[in-house]
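The structure appears below as structure tokens.
In my numbering, the protein residues as written are 564 to 1046.
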């Protein structure tokens, strides 16, 4: 996609937008550990699987085990969802944008179909606040939450591409500050629409011939800078109250927004030290918004190349590496870094000091660029090493090793304050997810680090997130107290 002048969306974090305030939650994140650690407590991991084509490695589509055309059919995604559910994953995530050649299915269509084929795993849909209307989004998420019986989540983004604007007939992609303003208002309208139905509005009382208490369905009459919406929504409040609210990104504004409003944050750090710094930073910001550290789950991306032994995992890594055209990759990365890497020997150091900030648009996203540049500088990587690193994970940490080594990696990040769970990016689908579920998950369960059964029936229950109260209930309670 870079050759057409568009950024590779997989190298960058999605731009965060102001999210709706989360409520108090009662989370069961610690369990009694097993075996030698009996009597100690361990934090249990949460896992999301990030679904993308044939896999997250650049060579995945050329691997003999993959079918690169399968990602346009429901059967393929159904298989992945069922594997994730077999592995007791919390959720399945699909990215989305409105331009480029990413071959992405529309998320609500796909996830509604998958909801009918599963019982427990949650579904995270990416939806932009810049190129949608609040009423449509509120209705779609309420519908998905009802269809799935409470398993929907919203990855809220503002978009990052002028091409998106072009496809919607807009004169230009808004500046970040404007996008955040729009997003703030958008989410507030959406919240109010979800709350426009009180919990007991529907009655279906056959004895009185009453189906609906109309006085418990409210117009919102929202008048703002960008949106004017009367309401109410034409569908009852979602089973979860609100879908789980997710954001991705590591910028300064993103961290502040996460601390104030997000319930799950997907992020990208290359080292435990960087993850600990991010984790501590974001969690320390929660108190000023009246929140506690366990009200926000931080889930770094992890692309595990795993096999029974380290040697077998290294062989798979080499096999995937050799499937990638290095010349095309150099061109892509050169565009990304605004430095022509083809002018340097493959075994020369990455010219990080000559790299410029993300050059596709001054409205774009820079946090992932900084993560990757810092990794190249810190590890003094050669261009060849950098190519290998870039092939897997798309800016997230990639770890190659045995089942035991991958479990050790996860345990260390959990125990030492680097993560509450992980956004898993398998290098190959479905085999990479299969291996993680069949090998790594049992090892983590044996260590007391992962559930052996789902805790509840909704995504909120499985994540340990409380269901938010309806604002009309809160207003009624305040009114009663005042009297």
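Ideal placement from N, C-alpha and C gives every residue a C-beta, glycine not left out.
Contact between the stretch 1003 to 1010 and the stretch 745 to 755 is absent: fewer than three C-beta pairs spanning the two stretches fall below 8 Å. Each residue's CA atom was taken as its position, placing residue 829 and residue 947 some 28 Å apart. Taking C-beta atoms as the reference points, residue 612 and residue 648 fail to come closer than 8 Å. Under the three-pair Cβ rule at 8 Å, the stretch 622 to 630 does not count as touching the stretch 654 to 666. In the structure shown, residue 1009 falls within a helical segment according to DSSP collapsed to helix, strand and coil.
When secondary structure is reduced to three states using DSSP, residue 730 falls in the helix class. In the three-state reduction of the DSSP assignment, residue 723 falls in the coil class.
For residue 838, the enclosing alpha helix (DSSP H) has its first and last residue at 835 to 847. Cβ-Cβ distances below 6 Å link residue 710 to 675, 678 in the same chain, with the five nearest sequence neighbours on each side left out; the list follows chain order.
In the structure shown, residue 605 falls within a strand segment according to DSSP collapsed to helix, strand and coil.
Residue 690 and residue 990 have their C-alpha atoms spaced approximately 25 Å apart. Between residue 661 and residue 615, the alpha-carbon positions lie close to 16 Å from each other.
Close CB contacts of residue 904 within its chain, under the 7 Å cut and outside five residues either way in sequence, are with 893, 896, 897, 946 (chain order). For the set 992, 1031, 1025, the Cα lying nearest the Cα of residue 1014 is the one of 1025. In the DSSP assignment, the residues bridged to residue 685 are 654.
Three or more beta-carbon pairs separated by less than 8 Å are not found between the stretch 807 to 822 and the stretch 781 to 794, which leaves the two stretches without contact. In the DSSP assignment, residue 955 falls outside any alpha helix (DSSP H) and carries neither an H nor an E. Distances from the CA of residue 809 to each of 774, 862, 966, 781 were compared; the closest alpha carbon is that of 862. Only buried fits residue 957, as 16 or more other CB atoms lie within 10 angstroms of its CB. DSSP places residue 852 in the helix class (H, G or I) of the three-state scheme. Per DSSP, residue 874 lies in no beta strand (DSSP E); the unbroken alpha helix (DSSP H) holding it starts and ends at 873 to 884.
Rounded to the nearest whole angstrom, the CA to CA distance from residue 855 to residue 849 is 6 Å. The stretch 727 to 734 and the stretch 759 to 778 do not touch, with fewer than 3 CB-CB distances between them shorter than 8 Å. For residue 767, the enclosing beta strand (DSSP E) starts and ends at 765 to 768. In the three-state reduction of the DSSP assignment, residue 984 falls in the strand class. DSSP links residue 862 through a beta bridge to 829. From the listed residues 780, 790, 802, the smallest Cα separation to residue 716 is found for 802. In terms of Cβ geometry, residue 799 and residue 999 do not form a close pair [threshold 8 Å]. By the neighbour-count definition (other C-beta atoms within 10 Å, threshold 16), residue 864 is a buried residue. The shortest C-alpha to C-alpha distance from residue 959 to any of 940, 941, 985, 1007 is the one to 985. DSSP places residue 967 within a helical segment (H, G or I) once states are collapsed to three.
As the crow flies, the alpha-carbon of residue 706 is around 11 Å from that of residue 714. With contacts defined by Cβ atoms closer than 8 Å, residue 642 and residue 912 do not form a contacting pair.
In this structure, DSSP gives residue 620 an extended state, which the three-state scheme calls strand. Here the C-alpha atom of residue 664 lies approximately 45 Å from the C-alpha atom of residue 763. Cβ neighbours of residue 872 within its own chain (closer than 7 Å, five residues either side excluded): 965.
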